[in-house]
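J.:
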Amino acid sequence: MSQIPIGYAFDAASALRAFVYTGGAMYNLNTLVSPTDPLYGAITLIDAEGINDSGQILANGTLDGNNRAFLLTPVASVEAPERASLALLAVGVVGAFGARRRKSA
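Numbering (my numbering), first residue to last: 137 to 241.
Spelled out as C-alpha cells, the structure:
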C-alpha cells in the first residue's frame with residue numbers, strides 16, 4: 137500500500153478539508169479537483185480515508201448538502217511533487233458511492 141499521508145486538517149477558515157501530503161507540502165484535495173470535472177465546485181471534500189498504490193483516494197465529503205463517499209482518481213501521479221503536476225492531478229471525481237451519515241454526539 138502507498139505511504140503517502142492523507143487525512144483531514146483545518147483550513148484558514150477553520151473548516152475541515154481533506155488533504156494529501158507529498159513532496160514536503162500539504163495540499164487541500166478540493167483545490168486539486170479538475171475544473172473540467174462534472175462535480176467541480178459542487179462537492180466539498182472533508183476527509184481522505186485511504187489511498188491505494190494507483191494513487192486513488194477514498195474521501196468523504198458533501199454533495200448538495202448530503203454526506204457522500206468519493207473515489208478520486210488522479211490523472212497525474214501523486215508522487216510528483218511539482219505544483220503543476222498536482223494541479224493536473226485533477227483528482228477526477230469518479231462518483232459518489234452513496235449517502236453516508238455520521239452520527240452526532
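Here a beta-carbon is modelled for each residue, glycine too, at the ideal position from N, C-alpha and C.
Compare the Cα-Cα distances from L207 to each of G177, N188 and D200 and report the closest residue.
T.: N188
J.: Below 8 Å on the Cβ atoms is my guess for A195 versus L175; work out the distance and round it to an integer in Å.
T.: No, A195 and L175 are not in contact; Cβ-Cβ is about 12 Å, not under 8 Å.
J.: F146: buried (16+ other C-beta within 10 angstroms of its C-beta) or exposed?
T.: exposed
J.: Going along the chain, which residues of its own chain have a beta-carbon closer than 8 Å to the beta-carbon of I162, five neighbours each way excluded?
T.: Correcting the residue type first, residue 162 is Met in the shown sequence and not Ile. The answer, listed in chain order, is A145, F155 and V156.
J.: Quick check on N166: does DSSP put it in helix, strand or coil?
T.: helix
J.: Straight-line CA distance for A205 to T172?
T.: 20 Å
J.: Got a sec, what are the start and stop residues for the beta strand (DSSP E) A110 sits in?
T.: Since the first residue of the chain shown is 137 and the last is 241, residue 110 is not available in this structure.
J.: So, are the CB atoms of L165 and A178 less than 8 Å apart?
T.: no
J.: Are the beta-carbon atoms of G87 and P210 separated by less than 8 Å?
T.: Residue numbering for the chain in the displayed model covers 137 to 241; residue 87 lies beyond these limits and cannot be assessed.
J.: DSSP three-state call for L152: helix, strand or coil?
T.: strand
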